[in-house]
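Chemist: Protein sequences, first through last, are from chains A and B.
First residue of the first sequence? That's 0 in numbering that gives the first Met the number 0, and the numbers climb one at a time after it.
First residue of the second sequence? That's 0 in numbering that gives the first Met the number 0, and the numbers climb one at a time after it.
Virtual Cβ for every residue (Gly too), placed ideally from N, Cα, C.
One structure, as structure tokens, below. Some questions next.
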Amino acid sequence: MEILPLLIAAVAAVLSVISTYLAVRANDMLNAVIFSALQSTAYAIMFYVFMAPDIVLVYVPVSVGILPAVTILLIKKTERYEG
Amino acid sequence: MKVQEVVIAVSVAAMALLLAYAVEIGGLGPIAPHRIRDLAVAYLINTYNPWNITLSSLSLEAVTAIVWDYRGIDTFFETSVLFVAIVGVTSLLRGFSEKTGLGGAGLSEIVKTSTRILAPLILVAGIAIALHGHLTPGGGFQGGSFIAVLFILLSVAFSLDYAVKLGVSSRKLLALRSSGLIGILATSLALLVAGLLLGVNSYIFQNMAREGAPLSMPSWLLDRPTGGTLLWFNTFEALAVAAGISLAFLVLSLREEEMKEALGQGEWYE
Chain A
0 MEILPLLIAA VAAVLSVIST YLAVRANDML NAVIFSALQS TAYAIMFYVF MAPDIVLVYV
60 PVSVGILPAV TILLIKKTER YEG
Chain B
0 MKVQEVVIAV SVAAMALLLA YAVEIGGLGP IAPHRIRDLA VAYLINTYNP WNITLSSLSL
60 EAVTAIVWDY RGIDTFFETS VLFVAIVGVT SLLRGFSEKT GLGGAGLSEI VKTSTRILAP
120 LILVAGIAIA LHGHLTPGGG FQGGSFIAVL FILLSVAFSL DYAVKLGVSS RKLLALRSSG
180 LIGILATSLA LLVAGLLLGV NSYIFQNMAR EGAPLSMPSW LLDRPTGGTL LWFNTFEALA
240 VAAGISLAFL VLSLREEEMK EALGQGEWYE
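Structure representation (structure tokens):
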């Protein structure tokens, strides 16, 4: 049973790297916001598995709720497509 | 874009599985370390230690005890940083006024219905996390951000007009935020003032009695431990964070018509 949480943390870490790459590469800024929220969720799972529930509780609303909301407002008032 | 779609599908599936497992192990997974450092041992022994109250904070949760009691002044300044940022947002865009009837009826009926179902759950979860901060993981900031997310969700799903019609205004949010901050200040000074009045030694941010400072906050409410100041700090912090972040979102999401006065005002100072 020791290996399973570590495996889950590893999968979440890989997922976060992939979604960070996609967020950086995205031309559509809305996609970038969604990928960055995905990355935050992977981080939240890692925090949870490594027994930091306090951090999870603050990380989930801030990085999946407030940060995308503010970023989407920013995109709405500026430009959606890059390049 | 084909690869991207596959990645999204796989990651959503992986996320569902991981979330299910993470919920199943219940937070305290089998990764608990066998050896704990001396500092951690000291905190674990002393956080809830009714036999030696001069080292204890009588809180069942070590993290909240460290954040608001042992390292209380650090947290006070962290909180100040957030509120200075919010003061910056509101003063940069000062002079705006909320208006209704600018169009925008919110999102579709499906989204509205699911938001109606979710909203009370988020509210209750936020309040529970804030008020149980000294018993379970969580605390004022966590609970407050849950409630702020609820405001953001409502104002997106039902439109800003709806929120304004309900009576939400930047003035009220500012008043709530300020009363939260005043509450934090009053809690941190409560025992100092009591000590001055009674003529005994006491400290700023004092929670339980310390050596040479015999006063302590009431640590039981009926049959529940309150952790002394921790319950008050968490309550006021939740109030201040919820109102503050909602205020920042409200100000940032104002429409052009509402901002016209604010933008015109800048010319006075040129």
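(1) Out of Ala208/B, Val110/B, Val22/B, Leu253/B, which has the shortest C-alpha to C-alpha gap to Asp68/B?
(2) Within a Cβ cutoff of 8 Å, which residues of the same chain sit near Ala41/A, ignoring the five residues on either side of it in sequence?
(3) Let me check one thing: in DSSP terms, what residues is Leu106/B bridge-paired to?
(4) For Tyr80/A, list the residues DSSP reports as bridge partners.
(5) At a threshold of 7 Å, does Thr78/B count as lining the ligand MN (C-beta to nearest heavy atom)?
(6) Report yes or no: is there a C-beta of chain A within less than 8 Å of the C-beta of Ala13/B?
(7) Kindly list the residues whose CB is nearer than 8 Å to the CB of Leu214/B, restricted to its own chain and excluding five residues on each side of it in sequence; keep chain order.
(8) Show which residues of chain B have a CB atom less than 7 Å away from the CB atom of Thr40/A.
(9) Can you list the alpha helix (DSSP H) stretches of 4 or more residues lying completely in the region 6-55 of chain B, in chain order?
(10) Would you mind working out which of Phe150/B, Thr228/B, Lys171/B sits nearest Tyr161/B, comparing C-alpha positions?
(11) Would Ile146/B and Leu122/B qualify as a contact pair, given that the criterion is a beta-carbon distance under 8 Å?
(12) So which of Glu108/B, Thr74/B, Gly137/B has the shortest CA-CA distance to Ser58/B?
(13) Quick one, are the C-beta atoms of Val59/A and Ala43/A less than 8 Å apart?
(14) Taking 8 Å as the CB-CB limit, is Tyr20/B close to chain A?
(15) Is the number of C-beta pairs between the region 150-159 of chain B and the region 245-260 of chain B that are closer than 8 Å three or more?
(16) Closer than 8 Å, CB to CB, is Pro119/B near chain A or not?
(17) Would you mind working out which of Val22/B, Leu54/B, Arg36/B sits nearest Gly211/B, comparing C-alpha positions?
(18) Curious, which full-length alpha helix (DSSP H) runs of at least 4 residues does the region 4-49 of chain A contain?
(19) I'd like the list of long-range same chain contacts for Val250/B, defined as Cβ closer than 8 Å, with 5 residues on each side in sequence excluded.
(20) Buried or exposed: Ser113/B, going by 16 or more other Cβ atoms within 10 Å of its Cβ?
(21) Give me the chain A residues within the contact set of Gln3/B, using Cβ-Cβ distance strictly less than 8 Å, ordered along the chain.
(22) Looking at the C-beta of Val16/A, does it have a partner C-beta in chain B at a distance below 8 Å?
(23) In the DSSP assignment, what are the bridge partners of Ala212/B?
(24) Below 8 Å on the Cβ atoms is my guess for Leu130/B versus Ser178/B; work out the distance and round it to an integer in Å.
(25) Against Leu66/A, what residues of chain B qualify as contacts under a CB-to-CB distance less than 8 Å, listed in chain order?
(26) Given a cut-off of 8 Å on the beta-carbon distance, is the pair Val66/B and Thr74/B in contact?
(27) Please look up how many angstroms separate the CB atoms of Ser158/B and Gly103/B, rounded, as I've assumed it's under 8 Å.
(28) In terms of residue numbering, what span does the alpha helix (DSSP H) encompassing Pro52/A cover?
(29) Among the candidates Leu5/A, Ala25/A, Leu72/A, Val32/A, whose CA atom is the shortest distance from the CA of Val2/B?
(30) May I ask you to list, following chain order, the residues of the region 136-149 of chain B that have a beta carbon less than 8 Å from some beta carbon of chain A?
(31) I'd like to know whether the C-beta atoms of Val23/A and Thr70/A end up nearer to each other than 8 Å.
Modeler: Put simply:
(1) Ala208/B
(2) Ala11, Ala12, Leu14, Ser15, Ser18
(3) For Leu106/B, which the question treats as bridged, DSSP gives no partner whatsoever.
(4) Asp27/A
(5) In the structure on display, the ligand MN does not appear, and there are no ligands present to speak of.
(6) yes
(7) Leu190, Ala193, Gly194, Leu197, Val199, Ser201, Gln205, Ala208
(8) Met14
(9) 37-46
(10) Phe150/B
(11) yes
(12) Gly137/B
(13) yes
(14) yes
(15) yes
(16) no
(17) Leu54/B
(18) 28-48
(19) Val88, Thr89, Leu92, Phe95, Ser169
(20) exposed
(21) Leu21
(22) no
(23) Arg209/B
(24) At roughly 17 Å, the Cβ-Cβ gap does not stay under 8 Å, so Leu130/B and Ser178/B are not in contact.
(25) By Cβ distance, chain B contributes nothing, its closest Cβ being about 11 Å from Leu66/A, past 8 Å.
(26) yes
(27) 5 Å
(28) 52-59
(29) Ala25/A
(30) Pro136, Gly137, Gly138, Phe140, Gln141, Ser144, Phe145, Ala147, Val148
(31) no
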